[in-house]
Amino acid sequence: MLKTHTCGELRPEHAGQTVTLAGWVNRRRDQGGIIFIDLRDRWGVTQATIDAEKAPEAHKIGAEVGREYVIQITGTVIPRPAGMVNPNLATGGIEIDVQTIRILNAAKTPPFMMDGESKVDESLRLKYRYLDLRRQHMQRNILLRGAVTKFIRDYLYERGFVEIETPILFKTTPEGARDYLVPSRVHPGKFYALPQSPQQLKQLLMVAGYEKYFQIARCFRDEDQRGDRQPEFTQLDMEMSFVEREDILNLIEGLMTSLVEYVAPMAGCELVTKPFPRMTLAEAMLKYGSDKPDLRYGLEITDITDLVANAGFKAFADNAAAGNPTRALCIPGCGNYSRKQLSDLEEMAKAAGGRGLAWIALGEGEGGEVKSPIGKFFTPEQMAAILDKVGAKPGDLVLMSSDKVATVCAVLDALRREFGARLGYADPKKIAFGWVIDFPLFDWNPDEKRWDPSHHLFTAPMPEDIPLLDTDPGRVRGQQYDLACNGYEVAGGSIRIHDRALQEKIFGLIGLDVEDAKGRFGHMLEAFEYGTPPHGGIAPGIDRLVMLLAGEPNIREVIAFPKSQQAADLMAGAPSEADAHQLEELHIRIAIKE
Ligand code: ASP
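Written out as structure tokens, the structure reads:
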């Protein structure tokens, strides 16, 4: 090794030892006779001092090195005098009195500072990702991610799981997104699809008898980019045989609880839900307007349809008569909002799909003035009943949405998230998990006039709902569960179908005809005839999970080499054109209209 110690390792008890360190020049200060170098490696920063009188040769070289030079120093560990100790540095109790210094490699001036404080444009960070990754906050995230996957592996191995790799070049395994296709050279005109998840393969591993499988698996989905999506992302993919829903929920709850507790000192986060609350999808939509509620705070939605159905405000009453809800969110302490602030909230409601936003503002103190543009349509008793039901106190602001149920949920979800952040409730240090269960098996697709699986095609219906498949498919519940964390879906899974006839029936309902189903999933149907055990699984998203543990705003911050928002790798320049010879071998002709 070119070093005897790391740059994070030396303490006063090493005083007097001769050591060799190697790393990057984090900072250099030249104070005439003495040069100070902060030397950095993965483990930390150590201060080196080069005295012109004691080590003239080293001092000459020290004067030449610039930021990010790679150097090796040899010197003696000396304790710093009491007043000079740097409490912000783990190695702050010592410094190295340098005897020799060797430049291992020079560095151009980097395009941005490594100090972690300066704000750098993201495209520049992605172009020079190898430099960005040197920065402290990225190092922390990447090392945290490594700790998370290692913890998961250990936890699952201790519980009898085995990690099995599955192919990347495969056949479409749909999860509701577009596939990435890879042309075959050997089979002209044919394509592999990159798996959207190892779904079918893990189920086939259950048929094969492995019983407890997991994989830290890469998944590929060609969908539009968002802060919590990437074209390729990582899942903890899991499947178990002979299990029921409870077994999987308990296993994951135990894993996530232990994981957060394990990384808490490193990540500075804290688990606030013990045990994880459970709610049906219907409850989640009613209380939070979302299928992935942020449970770090209350701010629950209240249904007030019954109170407005027979009152004088026609828009609400008409909506109630049409079977649509009116729901409200009571925001503490915001009753003094200005017209401008209220109209900004209305814009937010419109951006979420609403037609407008009704409000009631309560003045400070008992008997304070109650202001509302729709106040005159309600009797004092009706108004009091609304305020009572939503739990409004003096000084509060009540926001109301009345529309189709999906719109009301979208509007109040958006406002709830906004106020969660605005009022400081959505503390990034807090981690709040919650289970959402009892999803419908299908969603109606009005464009294609057919049922779409709400999770994926292999999810089993609730046994008691199976007869409804023939009569009322929209009412069939799936044995599906989602894990929400801080307003994100961090895992989804289900108990699977393990019976050919039932699987064929589901294919039929989602509009796959027999031949089509056989062509695409014949191997699954066939496997189901060779003794398939009851099985189920789940797949927590590693990127989102680490993002939340690290308190980061998007998953690019916890992926070493992410794609940009436009699905491009800005460092290597991918995707890029292929040369004519490659295309010919792949039997591909480019037909882009200029
Ligand atoms: N394959 C599913 C997904 O990627 C997860 C599962 O059902 O296990 O969302």
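When we follow the numbering used here, the leftmost residue of the sequence shown carries the number 27, and every step to the right adds one. Quick reminder that beta carbons are idealized off the backbone N, C-alpha and C, glycines included. All values derive from a computational prediction rather than experimental measurement.
Exposed unless 16 or more other CB atoms sit within 10 angstroms - verdict on residue i
i, result
"Y314", "buried"
"I97", "buried"
"P563", "Note that residue 563 is Gly in the sequence shown, not Pro. With 16 or more Cβ atoms within 10 Å of its Cβ, G563 is classed as buried."
"Y239", "buried"
"M110", "exposed"
"A346", "buried"
"P221", "buried"
"G49", "buried"
"A243", "buried"
"I9", "No statement about residue 9 is possible, as the shown extent of the chain runs from 27 to 620 and does not include it."
"F246", "buried"
"H644", "Because the chain here runs from 27 to 620, residue 644 falls outside it and cannot be looked at."
"G380", "buried"
"F268", "exposed"
"E201", "buried"
"I616", "exposed"
Cβ-based neighbour list, residue i, same chain, cut-off 7 Å, excluding 5 preceding and 5 following
i, result
"A378", "A436, V437, A440"
"D248", "A203, R204, D205, Y206, P257"
"A565", "S223, Q261, L262, D263, M264, A517, G518, G519"
"F217", "L207, V208, P209, S210"
"A335", "A343, A346"
"V146", "F138"
Segment limits, beta strand (DSSP E) that includes residue i
i, result
"Y218", "217 to 219"
"V298", "Careful: V298 lies outside any beta strand (DSSP E) and carries neither H nor E."
"I87", "Run containing I87: none in the beta strand (DSSP E); it sits in the alpha helix (DSSP H), 82 to 88."
"R53", "44 to 57"
"I609", "In the sequence under discussion, the amino acid at residue 609 is Leu, which differs from the Ile named in the question. Here L609 belongs to no beta strand (DSSP E); instead the alpha helix (DSSP H) covers 606 to 611."
"T30", "Counting along the chain, T30 falls outside any beta strand (DSSP E), and DSSP gives it neither H nor E."
"L159", "Neither: L159 is in no beta strand (DSSP E) and is coded neither H nor E."
"F468", "468 to 471"
"A74", "70 to 77"
"A335", "Per DSSP, A335 belongs to no beta strand (DSSP E) and is neither H nor E."
"A387", "384 to 388"
"R476", "476 to 479"
"P209", "207 to 209"
Sequence-distant residues of the same chain with beta carbon closer than 8 Å to residue i, five excluded per side
i, result
"A173", "Y288, V289, M292"
"G450", "none"
"A41", "V103, I104, P105, I120"
"A219", "F196, K197, T198, T199, D205, Y206, L207, V208"
Extent of the continuous alpha helix (DSSP H) to which residue i belongs
i, result
"Q367", "365 to 377"
"D67", "Careful: D67 lies outside any alpha helix (DSSP H), inside the beta strand (DSSP E) at 60 to 67."
"F177", "162 to 184"
"F342", "340 to 347"
"V233", "225 to 233"
"R353", "Not the alpha helix (DSSP H): R353 falls in the beta strand (DSSP E), residues 352 to 357."
"T497", "494 to 497"
Sequence-distant residues of its chain with Cβ nearer than 6 Å to residue i (five each side left out)
i, result
"C511", "F459, L574"
"Q43", "V103"
"W177", "The question names Trp, yet the displayed sequence has Phe at residue 177. Cβ within range, chain order: L285, Y288."
"G359", "G421"
"Q506", "F465, H481, T485, S520"
"L612", "P209, R211"
"R160", "M140"
"D469", "D478, S480"
"D508", "V462, E515, G518"
"L65", "C33, L47, G49, T72, A74"
Chain C within 8 Å of residue i, Cβ atoms only
i, result
"L170", "Included in the structure is just one protein chain, with no chain C present."
Ignoring anything shorter than 3 residues or poking outside the region 93 to 151, list the beta strand (DSSP E) runs there in chain order. 96 to 105, 120 to 131
Could you check whether the region 273 to 280 touches the region 223 to 234, counting it as contact only if at least three pairs of C-beta atoms, one from each stretch, sit closer than 8 Å? no
Count the C-beta pairs between the region 518 to 534 and the region 476 to 487 that are closer than 8 Å, then say yes if the count reaches three, no if not. yes
Of all the alpha helix (DSSP H) runs that stay within the bounds of the region 503 to 574, which reach a length of 4 or more residues? 526 to 535, 540 to 553
Entirely within the region 247 to 330 and at least 3 residues each: give me those beta strand (DSSP E) ranges in chain order. 258 to 267, 304 to 306, 327 to 329
Unbroken stretches of the beta strand (DSSP E), 3 residues or longer, contained in the region 402 to 460: 423 to 428
Are the region 163 to 172 and the region 580 to 593 touching by the rule of at least three beta carbon pairs closer than 8 Å? yes
I'd like to know if the region 418 to 430 and the region 351 to 361 are in contact, where contact means that at least 3 CB-CB pairs between them fall below 8 Å. yes
Touching by the beta-carbon criterion (3+ pairs, under 8 Å), the region 397 to 410 and the region 319 to 330: no
The region 44 to 58 in contact with the region 83 to 93 per 3-pair CB rule at 8 Å: yes
Count the C-beta pairs between the region 119 to 138 and the region 67 to 76 that are closer than 8 Å, then say yes if the count reaches three, no if not. yes
Is the region 362 to 369 in contact with the region 385 to 393, if contact means three or more CB pairs nearer than 8 Å? yes
Pairs of beta-carbons, one from the region 486 to 499 and one from the region 538 to 548, closer than 8 Å: are there three or more? no
So, do the region 544 to 559 and the region 527 to 535 have three or more beta carbon pairs nearer to each other than 8 Å? yes
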